[in-house]
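K.L.:
Protein chains: 2
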Amino acid sequence: MTPPVLSDLLAAQRRIAPFVTETPLLRCDALDAATGARVFVKAENLQRFGAFKARGAANALALLSPQERAKGVVAFSSGNHAAAVAGQAKAMGVSAIIVMPSDAPQAKIANTQAMGAEIVLYDRVREDREAIARDLAAEAGRSVVPPFDHPHVIAGQGTAGLEIAEQLGRRGLKADAALVCTSGGGLVAGIALALKAAAPRCQVWGVEPEGHDDFARSLQARERVANPSGVRSICDALMAEKIGVLPFAVAQDLGIMAVAVRDQDVREAMRFAFRHLRLVLEPGGAAALAALLAGKMDVKGQVVAVTASGGNVDEALFAEILTGG
Amino acid sequence: MTPPVLSDLLAAQRRIAPFVTETPLLRCDALDAATGARVFVKAENLQRFGAFKARGAANALALLSPQERAKGVVAFSSGNHAAAVAGQAKAMGVSAIIVMPSDAPQAKIANTQAMGAEIVLYDRVREDREAIARDLAAEAGRSVVPPFDHPHVIAGQGTAGLEIAEQLGRRGLKADAALVCTSGGGLVAGIALALKAAAPRCQVWGVEPEGHDDFARSLQARERVANPSGVRSICDALMAEKIGVLPFAVAQDLGIMAVAVRDQDVREAMRFAFRHLRLVLEPGGAAALAALLAGKMDVKGQVVAVTASGGNVDEALFAEILTGG
Chain A
1 MTPPVLSDLL AAQRRIAPFV TETPLLRCDA LDAATGARVF VKAENLQRFG
51 AFKARGAANA LALLSPQERA KGVVAFSSGN HAAAVAGQAK AMGVSAIIVM
101 PSDAPQAKIA NTQAMGAEIV LYDRVREDRE AIARDLAAEA GRSVVPPFDH
151 PHVIAGQGTA GLEIAEQLGR RGLKADAALV CTSGGGLVAG IALALKAAAP
201 RCQVWGVEPE GHDDFARSLQ ARERVANPSG VRSICDALMA EKIGVLPFAV
251 AQDLGIMAVA VRDQDVREAM RFAFRHLRLV LEPGGAAALA ALLAGKMDVK
301 GQVVAVTASG GNVDEALFAE ILTGG
Chain B
1 MTPPVLSDLL AAQRRIAPFV TETPLLRCDA LDAATGARVF VKAENLQRFG
51 AFKARGAANA LALLSPQERA KGVVAFSSGN HAAAVAGQAK AMGVSAIIVM
101 PSDAPQAKIA NTQAMGAEIV LYDRVREDRE AIARDLAAEA GRSVVPPFDH
151 PHVIAGQGTA GLEIAEQLGR RGLKADAALV CTSGGGLVAG IALALKAAAP
201 RCQVWGVEPE GHDDFARSLQ ARERVANPSG VRSICDALMA EKIGVLPFAV
251 AQDLGIMAVA VRDQDVREAM RFAFRHLRLV LEPGGAAALA ALLAGKMDVK
301 GQVVAVTASG GNVDEALFAE ILTGG
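First to last, the sequence lines map onto chains A and B. Each residue of the first sequence is one higher than the last, beginning at 1 in the working numbering. Each residue of the second sequence is one higher than the last, beginning at 1 in the working numbering.
(1) A107/B touches chain A at which residues, Cβ-Cβ below 9 Å?
(2) If A110/B sits next to A96/B, beta carbons under 8 Å apart, how far is it from one beta carbon to the other, in whole angstroms?
(3) Is DSSP giving L173/A helix, strand or coil here?
(4) Our contact map puts A189/B next to V250/B with C-beta atoms below 8 Å; I'd like the distance itself, whole angstroms only.
(5) Helix, strand or coil, according to DSSP, for I321/A in the structure here?
(6) Note down, in chain order, each residue of its chain lying with its Cβ closer than 6 Å to the Cβ of Q47/A, except the 5 sequence neighbours on either side.
(7) Could you tell me whether the Cβ of N45/B comes closer than 8 Å to any Cβ of chain A?
(8) Grab the span of the beta strand (DSSP E) containing T21/A for me, first residue to last.
(9) According to DSSP, what are the bridge partners of T307/B?
(10) Looking at the structure shown, is F76/A part of a helix, part of a strand, or coil, going by DSSP?
(11) Along the region 16-28 of chain A, where does the CB come closer than 7 Å to a CB of chain B? Name the residues.
(12) CB-CB under 8 Å to M100/B, same chain, minus the five flanking residues each way: which ones, in chain order?
(13) Return the chain-ordered list of same chain residues with a C-beta closer than 7 Å to the C-beta of F274/A, the five sequence neighbours on each side being excluded.
(14) Mind pulling the chain B residues with CB within less than 9 Å of F76/A?
(15) For the region 306-320 of chain A, enumerate the residues whose C-beta is nearer than 7 Å to any C-beta of chain B, in chain order.
(16) Once the 5 residues before and after A240/B are set aside, which same chain residues still bring their CB inside 6 Å of it?
(17) Select from the region 36-68 of chain B all residues with a C-beta closer than 7 Å to any C-beta belonging to chain A, and list them in chain order.
(18) Measure the C-alpha to C-alpha separation of E210/B and D265/B and round it to an integer number of angstroms.
(19) Relative to the alpha-carbon of V207/A, which residue among R267/A, V5/A, A17/A, I256/A has its alpha-carbon at the smallest distance?
(20) Mind listing the chain A neighbours of T112/B? Cutoff is C-beta to C-beta under 8 Å, in chain order.
(21) I need the DSSP call for I98/A, collapsed to helix, strand or coil.
(22) Please classify A107/A: does DSSP put it in a helix, a strand, or coil?
(23) Bridge partners of V207/A, per DSSP?
(24) Do R171/A and V73/A have their CB atoms nearer than 8 Å?
(25) What do you get for M1/B, buried or exposed, if any count of 16 or more other CB atoms within 10 angstroms of its CB means buried?
(26) Skipping 5 residues on each side, what residues in its chain have a beta carbon closer than 7 Å to that of H212/B?
(27) Thinking just about the alpha-carbon of each residue, which of R27/A, L162/A, K196/A, I191/A is nearest to the one in F148/A?
(28) Anything in chain B within Cβ reach of R171/A, meaning under 9 Å, just list it in chain order.
Given below as structure tokens:
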């Protein structure tokens, strides 16, 4: 398999239009004042099922053959990909089994169940989710919908980048920089493909949690390296073991950069989004905003696009973050 | 003064375009499933300064004469109108004094201060805010920007209704019903003027807190009656003493109806918006959604527009509502 190219993203955009929302690109005075930049927030927390994952899932499912769709699909996911595959499978009349870690946020498990998918829980530390999914797939001839390392998935996520370019274009602007929440790398690769086509000099940053900075270390090592197991992060959505093969190829080809944020930065970004954007962001969905607000890169005077990539967070955690330090 | 008409709303829309956001009209599967209707949420919490009030304030300020603008303005408000007048005055280079109740949410006082306005706090129970504002206005020749009872303000708020009609129209739909958070009545009157023009049979409901149901009682009595003083509600934004003269005239003319919600309904609607829409709503901004979710009217099979009119709420209250019963 090879990474998608711009024409694949444009085809994906037409293909998935009935199944996704064109999410708004928001700005606010407080964000511009805090950064000295012109900042635009791509509110993918307002996407169907509460995260950008609806895009890649729709594209991957729509590109299955009729025979494959009749046999159904399997997906493994920490949460947002799970709900997205379950939801899009339901919309397309496809049977879905979802393999989720037993410690996923209740909001994400409930979202997935609400879509009518069959859920198989596994132990994140002791079991190999990919092996479980492959076994389930082999049993019944189901297709696996991978969370990031597939050209159809990357092309689907990249439609968020096409929308950013279009929405900025309607304001007469181009992105100088883009900050993208990053785990397996499907979103950052897709957005880089879209934005570099519209603005070749745009600097694209993948933002990952401290202790899960496999992307930064992989770029430095010029080969994919894994995260150590067992490191905790508040960003449950950004805990892939390592960046995908295809996203890494795109990242090297397009010169994507990496930066890491602390849990504390993420908490502050969630509070900022609550107060100034009136958006509910989950920790992993606030990582890019956290990098910006923590001043991790110099963007003064620039047009900056930031992904708010998801908003599925349990009430208790959100309340604790709002009222905590 | 007479109420505005459709052409005033259309003129306001052009006039205030540089000063407001076209907010998204959102839908979600869970809301349609819960109601049996096709529900669209007008997310005015994503409006500048966090509430629809940015619209009326911009229109009123833009229609002042150059001499009036040079002398500055005064506004009295429980919070969202305060921040909106302060923010739009700053954007247009007009000096503003804002009269706010001392028990207004900290988020709203802070928003207003951040806009550089001078703030005068008063005691909601013991002092008459309109008299304070009039005195301040008389001293320095400042113009009062009233919160709802003015044709320019109503026309500005009505631009939210124009957008709803346009956004539904792009989906090939017209509103069968609209639910609008209501206090002084500027928003419900403006939205009714816009929606009844696009769909004359559209039923428009003003939603107010129980114990503050002056609008319902006024419609029944065929004259404006006041709320008893001292009744508490979680909806700090919906505590006007009574509906305005002009909004009441529009309501009688267009057959607007009224319904009341309990604090408990509002809390549940805020939790629903958090979980399923990933939006931060303040209590007053969730009243219309609360009426819908509590089944206050039969909307099965209908196209329903619901205003989510504001999102300025203190962290502690939001956390308590998320985790409370």
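Built from N, CA and C at the ideal position, the CB exists for glycine as well.
P.N.:
Answer, in terms of the structure:
(1) The answer, in chain order, is R275.
(2) Contact doesn't hold; Cβ gap of about 16 Å is too wide.
(3) DSSP, reduced to helix, strand and coil, places L173/A outside both helices and strands of the structure shown, so it counts as coil.
(4) Contact between A189/B and V250/B is confirmed by a C-beta separation of about 4 Å, below the 8 Å threshold.
(5) Reduced to three states, the DSSP call for I321/A is helix.
(6) Around Q47/A: T21, T23, A54.
(7) For N45/B, the closest Cβ of chain A is nearer than 8 Å.
(8) Counting along the chain, T21/A falls outside any beta strand (DSSP E), and DSSP gives it neither H nor E.
(9) Answer is K42/B.
(10) In the structure shown, the three-state DSSP call for F76/A is strand.
(11) Taken in chain order, the members of the region 16-28 of chain A whose beta-carbon sits within less than 7 Å of a beta-carbon on chain B are P24, L26.
(12) When the five nearest sequence neighbours on each side are left out, the beta carbons in the same chain lying within less than 8 Å of the beta carbon of M100/B are those of F76, S77, S78, G79, A82, K108, I109, T112, I119, V120, L121, Y122, in order along the chain.
(13) Same-chain partners within the cutoff: L322.
(14) For a Cβ distance threshold of 9 Å, nothing in chain B lies close to F76/A: the least Cβ distance comes to about 23 Å.
(15) Cβ contacts with chain B: G311, E315, A316, F318, A319.
(16) So the qualifying residues of the chain are S183, G184.
(17) Flagged, chain order: N45, L46, G50.
(18) The alpha-carbon of E210/B is positioned some 10 Å away from that of D265/B.
(19) Of R267/A, V5/A, A17/A, I256/A, the residue nearest in Cα terms is I256/A.
(20) The contacting residues do not exist; T112/B stays about 13 Å from chain A at best.
(21) In this structure, I98/A counts as strand in the three-state DSSP scheme.
(22) Three-state DSSP puts A107/A in a helix.
(23) Paired residue(s): C181/A, V259/A.
(24) No, the Cβ-Cβ distance between R171/A and V73/A is not below 8 Å.
(25) M1/B sits exposed, since fewer than 16 C-beta atoms from the chains shown fall within 10 Å of its C-beta.
(26) Cβ neighbours of H212/B beyond the five flanking positions: N227, V231, S233, L238, M239.
(27) If we check each option's Cα against that of F148/A, I191/A comes out closest.
(28) In chain order: nothing, as chain B lies at least about 12 Å away.
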